[in-house]
Each structure stands twice: as structure tokens, then as C-alpha cells.
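Residue numbers (the numbering used here): 783 to 941. Glycine included, every Cβ here is placed at the ideal spot set by N, Cα and C. In this text the structure is predicted, and so the values were computed from the model without any measurement. Take a look at the structure below.
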């Protein structure tokens, strides 16, 4: 991206709808920044099939050039999909989510505080796991396979 980001996480949802202007904007942005990967939470509507139907994946996860992430349990149950994980396909028939990751009993910061946290769960907790792995994969390929040398870290504070 413009600021040097290579992997971006979007753990927020919008609505279930056909391919939207929102997705088209994502397509344009990812065309401009073609070395960037966008990861998004698929949504937590999987156990409400009667209400939403099979295409339960939400914006921006349903966008074409976005990695949509579903949620599994962690530890010994990491192979088990959580019942509320959005299942897909999209309204136009594409298979989503693209991957799943653990996202239950995750410690997350509480925004209104300076340093408190609490346990959360859902695709919004699983998507950052995938984004983190994406960052590690990018680093490995760019710096080890292509032989690039990472720049020194920027100063965090001070002159």
C-alpha cells in the first residue's frame, strides 16, 4: 500500500449482497497496489441459514481479490469449524471462505481502555491470524528467496 503495507486485515462486516461498488473499489485499490494482500473476516452468520440462506459471507470478504477467513476452534479442536462461521458460497456462486483459522478464546484489546483486554471469538479474531501468517510468508519470500535486505527499523521516538 501507499504506506508500505503488504498485508491488510479487515475484521469488520457489512451486508450480504451481490458484488457491490464496495468490492469494485477494493478491486481498483488492489490493482494499484498489486503487491498487497487483503484479508477479511467472513462473518458469523453460518448458524442462521434459515434467515440468511447459504450465501452468508459478507462484504468485504465476498470481494474477489480478498482472502475470506472462517473460524475454527483452537488446540486439539482446530479441525472443527465453529457453527456460526459463515459458510458461503457468495451470491454469485464463488466458494468462500478461502481459509479458516482458530478464533475462539482469543485475548483482544478493549478499545475504550489503555491496556485492558478480554476474550473474544469469531471470524474477526481468526482473520488477524491469517494476516499475520501472510506477513511472515511475504517476509520470507521477499527477504530470503529474493535476497532483499530489510531496511533498518524506524525510530519509535526521540530525535
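Output the boundary residues of the alpha helix (DSSP H) element that contains residue i.
i           : result
residue 852 : Here residue 852 belongs to no alpha helix (DSSP H); instead the beta strand (DSSP E) covers 848–854.
residue 804 : 803–814
Roughly how many whole angstroms lie between the Cα atoms of residue i and residue j?
i           : j           : result
residue 817 : residue 880 : 19 Å
residue 942 : residue 823 : As displayed, the chain neither begins before 783 nor continues past 941, which places residue 942 out of reach and without an answer.
residue 919 : residue 927 : 11 Å
residue 786 : residue 850 : 22 Å
residue 923 : residue 906 : 27 Å
residue 814 : residue 858 : 41 Å
residue 897 : residue 913 : 23 Å
residue 793 : residue 903 : 12 Å
residue 804 : residue 791 : 16 Å
residue 812 : residue 921 : 19 Å
residue 788 : residue 830 : 34 Å
residue 806 : residue 825 : 19 Å
residue 860 : residue 893 : 28 Å
Compute the distance between the beta-carbons of residue i and residue j, then report whether it is under 8 Å.
i           : j           : result
residue 841 : residue 802 : yes
residue 899 : residue 891 : yes
residue 856 : residue 821 : no
residue 839 : residue 868 : yes
residue 929 : residue 819 : no
residue 809 : residue 847 : yes
Have a look at the DSSP bridge pairing and note the partners of residue i.
i           : result
residue 823 : 851
residue 884 : 854
residue 869 : Paired residue(s): none; residue 869 is not in a bridge.
residue 863 : 854
residue 891 : 899
Would you mind reading off the limits of the beta strand (DSSP E) that contains residue i?
i           : result
residue 917 : From DSSP, residue 917 is part of no beta strand (DSSP E) but of the alpha helix (DSSP H) over 905–921.
residue 902 : 899–902
residue 792 : 789–792
Below 8 Å on the Cβ atoms is my contact criterion, and I expect residue i with residue j to pass it. Report the Cβ-Cβ distance as a whole number of Å.
i           : j           : result
residue 882 : residue 854 : 5 Å
residue 844 : residue 878 : 6 Å
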